Structure formats: structure tokens, C-alpha cells
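From first to last, the protein sequence lines stand for chains A and B. Position 43 (the first sequence) corresponds to 121 in the working numbering; numbering is contiguous. Position 238 (the second sequence) corresponds to 316 in the working numbering; numbering is contiguous. First the structure, in the form of C-alpha cells, and then the observations on it.
There are 2 protein chains.
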Amino acid sequence: MLRTPRNDEKYYDSNGTGVNILVTNDDGINSRGIYDLVMALRDVGDVTVIAPLAEQSAVGHALTMSLPLRVTEFHKNGDFFGYAVSGTPADCVKLAMRTFLDERGIAKPDIVVSGINHGRNTAVNIIYSGTVSAATEATVLDVPAIAVSLTSYDMDADFTAAADFMKRFTPEVARLGLPRGTLLNVNVPAVASHQLKGISYTKQGASYWEDEFEKRMDPQERPYYWLKGKYVVEDSDRDIDDIAIHEDKISITPIHYDLTNHDFLRELRSSWPKGF
Amino acid sequence: MLRTPRNDEKYYDSNGTGVNILVTNDDGINSRGIYDLVMALRDVGDVTVIAPLAEQSAVGHALTMSLPLRVTEFHKNGDFFGYAVSGTPADCVKLAMRTFLDERGIAKPDIVVSGINHGRNTAVNIIYSGTVSAATEATVLDVPAIAVSLTSYDMDADFTAAADFMKRFTPEVARLGLPRGTLLNVNVPAVASHQLKGISYTKQGASYWEDEFEKRMDPQERPYYWLKGKYVVEDSDRDIDDIAIHEDKISITPIHYDLTNHDFLRELRSSWPKGF
């Protein structure tokens with residue numbers, strides 16, 4: 079455990095300052111999901127925002143190596159302040175933890191929250207997700223982390239229920255602690271708070287994209303390809319992320335980056351050639 | 079298994095056509111590693127190359143969503159031909175498998191090989207690796223895959239030993255088959271072939287980057303940050319990727335994208351709150 083739970087621990091200390099929360103995302107610092115998340119989390123802790131300046135969806139766990147990073151201050155609506163980074167979600171977390179927070183005299187976070195992503199991050203989507211990659215980067219740096227997504231692509235999607243849940247959930251996770259290298263991947267169904275049917279601790283599912291590329295011709299008659307696809311829900315078991323969501327439950331999946339297939343490793347050692 | 083092993087199976091059929099191999103990488107189609115790999119694999123199969131036009135290191139498992147993809151033909155030295163894509167390694171594999179190979183009348187691959195990457199892809203590096211992400215995308219699309227890297231950042235690195243090994247190893251993997259969703263992550267020590275001390279089936283290690291950002295000022299006195307770091311080998315166990323390499327063995331790690339931490343999932347279900 080990164081943080082030993084203590085029964086007497088409060089979210090707030092006597093000065094009224096709460097748990098230190100670092101918030102980032104992949105939809106960009108100007109997106110609705112991060113705004114609603116920050117407004118909610120401020121009630122339960124000290125929130126620092128450091129997020130990509132531009133949208134970074136499906137960026138995976140990218141790090142910016144060949145360009146330097148820029149940081150600019152970002153204000154919105156008179157009540158939202160954060161640092162905008164010219165990089166990826168993983169860049170934001172690494173820069174914050176390794177250099178930027180110290181430089182600004184900001185306390186290291188007790189927990190990192192990435193989101194609220196606009197669109198589900200379940201099953202195979204997890205491997206493409208910038209939202210999850212930011213949380214993974216936090217676990218690489220030994221800070222507990224939560225990735226949170228709203229399972230809707232609707233332009234008018236309502237993040238209220240997800241933000242309300244994170245206000246209750248985030249300090250509890252900071253209190254309970256997480257195993258080293260493990261984060262929680264949360265997906266909230268796109269329904270009103272009163273329609274949510276509780277939580278479910280789930281496994282990453284096997285749903286997939288039946289995707290293809292649409293070939294088009296530009297005005298110079300040169301071809302180009304657009305990725306498009308349909309999401310196919312493969313599972314039916316209730317302990318799977320996409321199925322929990324289908325039942326209007328909040329899906330909470332513990333994921334880690336130990337990618338070794340230990341079962342197959344045993345088979346390799348016992349029955350594959352010892353040399354090639 | 080994706081492909082049932084048959085003892086009587088040959089790499090070559092009677093027409094002399096071999097196993098169909100799709101080759102990609104993340105260093106870009108013009109890099110030395112992919113050139114040496116393709117030259118070697120041609121001796122054992124029918125090779126199609128579809129790789130990023132530009133270098134894509136540390137790009138993670140990114141997909142290009144907000145731009146269309148362009149494909150151009152790429153020739154080198156009079157003996158190397160491939161398709162260059164204006165995207166990421168994962169884009170290349172998805173585009174090839176979903177649309178492009180069919181369009182060109184090219185047979186679907188029996189196996190995908192990604193590399194030879196210039197630099198090690200072990201431990202935490204795996205999650206940032208474009209080389210591994212291309213192989214992962216192949217497994218998402220149900221094709222066996224190998225990611226291969228040379229553990230040297232030397233500009234004059236010699237890819238010969240790694241290419242020679244892949245010539246022997248690739249058809250064997252196509253013959254033996256891999257479990258669904260699992261790929262092999264191969265790292266070849268940067269020594270001459272005769273100095274290699276065999277292979278080792280390994281686990282992903284816990285080595286990490288002690289990284290930081292160097293702050294500089296541009297001529298307009300605005301700050302920017304460069305990522306830099308030192309790789310810290312954490313493990314000592316011989317069954318770990320980085321340790322096998324240290325002993326001049328070729329490290330072969332089976333990895334998958336089932337990211338669920340099943341042990342912690344059991345703990346969540348038994349001892350965490352049922353609601354928040």
C-alpha cells in the first residue's frame with residue numbers, strides 16, 4: 079500500500095485544508111469534464127490542475143521527447159485556475175511530480191485524478207486512453223490515482239453525477255490507499271445521479287472496435303484515410319466493466335502495468351525451445 | 079492459440095512462398111533497425127512493410143483520430159520497399175489489417191514483427207513504447223506479434239545479431255502460435271552474435287527512470303522544459319528482462335493487455351465499501 083489507512087484520519091486537517099489532489103485529463107484544460115471535476119473536488123481537498131492545452135484523446139501513454147514543454151496559466155469563468163501544458167497527459171503528471179510542483183512551492187499530491195473523460199474508457203479502450211495513461215504515470219511515480227470517464231459521447235453530456243461521485247470517492251481512495259503500481263479506472267454511466275444503481279468492482283472486458291478506414295480523395299485526387307468504427311460489446315458477465323455500465327452501475331476496475339502474462343510465461347519455460 | 083502448431087508444417091510451401099510477415103516499427107520507415115530486420119526476414123517469408131513516415135518514439139499506444147492518414151510508397155537502396163504512413167505504429171497496423179492490405183491484394187499476415195527498435199523496451203519502458211504498441215495492436219486484431227528491440231542507444235549500434243535472431247525466431251513463433259491477446263517482447267543485448275549467451279523467458283521488471291525536467295530560457299526569456307533522465311535497474315533476479323540482458327541473454331517476455339489487477343480486485347470486493 080502506498081498509504082496506510084488510518085481509522086482516525088480525516089480528509090480535512092484542523093486548518094480546513096484537505097487532501098492534496100492533482101487533477102489532469104486528456105480532453106484538454108478547457109473541457110467541461112475537468113471543470114466540473116475540479117469544482118466538485120474543491121469541496122473535499124486542495125486541488126491543483128495541470129492539464130494539456132490541447133485535446134489529447136487516444137494519445138496512449140505518450141511522452142514528449144523531441145520537443146520541450148511549455149507551461150501557461152489558464153483561467154476560466156473567474157473560478158477555475160490551472161496550468162496548461164503543451165504536451166500529453168503523461169507529460170503533465172511527470173512534469174508536475176518531477177519538477178513543476180516543487181518549483182511553485184505546491185505540495186505533492188496525495189492522489190491524482192484524471193478526467194472526467196468525455197467517453198467511456200473500458201475494455202480495449204483502456205490501452206488507447208490518455209485519461210488512463212495520466213493515472214498510470216502517477217502510479218509509476220508512486221502516487222495513488224483514479225481515471226474517471228463518463229460513458230457518453232453526447233455533446234450535451236451531463237457530468238454532474240460523475241463529479242458528485244468523485245467528490246465522495248476521491249478522499250475515500252486517498253484514505254484507503256492502493257497497492258503500488260495499481261490505479262482505479264472508473265466509468266460512470268451517463269444517467270442522472272438518482273438513476274445510478276450503485277457501484278461494481280469489475281474486470282477489464284473484451285469488448286472491441288469493429289473499425290475500418292474510410293478512403294476519400296482530396297481535391298488533388300490523392301487518397302486519405304479516416305478511422306471510423308462501431309463498438310461491439312463482447313461480454314455478458316456482470317463483473318465486466320461494460321456490463322456494469324449497461325446496468326447503470328458505476329464501474330470501478332483496478333488496473334496495473336505489470337503486463338507479463340505469467341501463465342504463458344510458465345508454458346514458455348516448460349514447453350518452448352530453450353534456444354533458436 | 080491463434081494458430082495451432084502442426085509438426086509437419088514448413089515455413090515455406092512448395093512454391094517457395096513463406097510465412098506472411100507484416101513489419102512495422104516506431105523509429106520510422108527510414109531507420110536502420112527496420113531495414114536490417116526486413117533484409118533478414120525476407121529469407122524466411124513474404125514481408126510487407128508499413129511503418130510510420132516519421133520517428134514515433136515514446137508515442138505509446140496512440141491512434142490518430144483527429145487527422146486522416148496518408149500512405150506513400152517508400153524505396154531505399156534499390157532493395158527495400160514499403161508503405162510509409164503519416165501516423166503512429168498502432169495506426170500502421172490497424173490501417174494495414176482493416177483496409178490497406180485488402181485494397182492492395184496483399185495477404186493478411188501470419189505474424190506481425192515490430193522493430194528493430196533502437197533502444198531497450200523493458201520494464202516501465204514498455205508502457206511508453208511505440209514498438210510494443212504496434213505489436214499490441216496486432217494482438218487486438220488477433221494476429222500473433224513480436225516486438226523486438228536492440229538494447230543500445232549508440233548511433234553506430236549494430237543490428238546484425240538481432241536481425242539474425244529474428245530470422246530464426248519469427249517463423250518458429252508463427253509455427254508455435256501464441257495465446258490470444260499475448261505478444262512476445264524481445265530485447266537483444268547489443269553484443270556480437272557470438273557473444274550472445276542464449277535466450278531467457280523473462281518477466282517485465284521494475285526498473286525505472288529517475289527523470290527530471292531541465293528548465294531553460296528561450297531568447298524571449300520564456301521558460302521551457304526538457305525531459306531527461308537516468309535509467310535505474312531495480313531488479314537482481316535472473317528471470318527479469320533487464321537482468322537477462324545484463325547477462326548477454328536475449329530476453330523474451332510474454333505480455334498481454336489484460337490490465338486488471340485480479341488480486342486487488344478480490345480485495346476490493348471483500349473489504350472495500352459497497353457504495354460511496
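Idealized CB from N, CA, C, for every residue including glycine. None of the values given here were measured: they were computed from a predicted structure.
Pairwise C-alpha distance: residue j and residue i
i, j, result
"residue 336/A", "residue 299/B", "42 Å"
"residue 208/A", "residue 206/B", "12 Å"
"residue 132/B", "residue 295/B", "28 Å"
"residue 346/A", "residue 150/A", "50 Å"
"residue 352/A", "residue 189/A", "44 Å"
"residue 254/B", "residue 243/A", "48 Å"
"residue 180/B", "residue 258/B", "23 Å"
"residue 229/A", "residue 125/B", "41 Å"
"residue 250/A", "residue 99/A", "12 Å"
"residue 108/A", "residue 152/A", "9 Å"
"residue 239/A", "residue 210/B", "37 Å"
"residue 280/A", "residue 212/A", "20 Å"
"residue 235/A", "residue 123/A", "26 Å"
"residue 302/B", "residue 322/A", "44 Å"
"residue 147/A", "residue 226/B", "30 Å"
"residue 102/B", "residue 141/B", "15 Å"
"residue 278/B", "residue 160/A", "47 Å"
"residue 341/B", "residue 348/A", "25 Å"
"residue 94/A", "residue 191/A", "Confidence is the limiting factor: at residue 94/A the pLDDT is only 47, short of 50, which leaves the residue's position unreliable, though a coordinate-based value still follows. One C-alpha to the other measures close to 21 Å."
"residue 178/A", "residue 224/A", "21 Å"
"residue 233/B", "residue 144/A", "16 Å"
"residue 334/B", "residue 163/A", "31 Å"
"residue 357/A", "residue 176/B", "Outside the modelled stretch of chain A, which goes from 79 to 354, sits residue 357/A, for which no answer is possible."
According to DSSP, residues forming a beta bridge with residue i
i, result
"residue 333/B", "338/A, 261/B"
"residue 302/A", "294/A"
"residue 127/A", "101/A"
"residue 183/B", "Paired residue(s): none; residue 183/B is not in a bridge."
"residue 228/B", "196/B, 266/B"
"residue 218/B", "BP columns for residue 218/B are empty, so no partner."
"residue 159/B", "153/B"
For residue i, the three-state DSSP class (helix, strand or coil)
i, result
"residue 150/B", "strand"
"residue 297/B", "coil"
"residue 290/B", "strand"
"residue 205/B", "helix"
"residue 308/A", "strand"
"residue 279/A", "strand"
"residue 324/B", "helix"
"residue 318/B", "strand"
"residue 122/B", "coil"
"residue 111/A", "helix"
"residue 171/B", "helix"
"residue 251/B", "helix"
"residue 191/A", "strand"
"residue 223/B", "strand"
"residue 143/A", "coil"
"residue 352/A", "coil"
"residue 236/A", "coil"
"residue 82/B", "Here residue 82/B scores only 38 on pLDDT, less than 50, and its place in the model is too uncertain to base an answer on."
"residue 256/B", "coil"
"residue 346/A", "helix"
"residue 213/B", "helix"
"residue 136/A", "coil"
"residue 271/A", "helix"
"residue 284/A", "coil"
"residue 166/A", "coil"
"residue 242/B", "helix"
Close beta carbons around residue i, own chain, < 7 Å, minus the five adjacent residues each side
i, result
"residue 305/A", "289, 291"
"residue 273/B", "326"
"residue 158/B", "113, 116"
"residue 135/A", "104, 105, 208"
"residue 318/A", "280, 281, 283"
"residue 332/B", "260, 262"
Nonlocal neighbours in the same chain, by C-beta distance under 6 Å from residue i, ignoring five residues either side
i, result
"residue 106/B", "130, 132, 133"
"residue 27/B", "The first residue shown for chain B is 79 and the last is 354, placing residue 27/B beyond what the model contains."
"residue 165/A", "142, 147"
"residue 308/A", "288"
"residue 184/B", "126"
"residue 241/A", "114, 115, 118"
Cutoff 8 Å; reference residue i; Cβ partners in own chain excluding five residues on either side
i, result
"residue 328/B", "243, 264, 265, 266, 267, 274, 276, 277, 278, 322"
"residue 138/A", "205, 206, 207, 208, 211"
Kindly confirm or deny that the stretch 115–122 of chain A and the stretch 263–273 of chain B touch, where touching means at least three C-beta pairs closer than 8 Å.
no
Meets three-Cβ-pair contact criterion under 8 Å: the stretch 170–179 of chain A and the stretch 217–237 of chain A:
yes
Hey, is the stretch 306–317 of chain A in contact with the stretch 182–200 of chain B, meaning 3+ C-beta pairs nearer than 8 Å?
no
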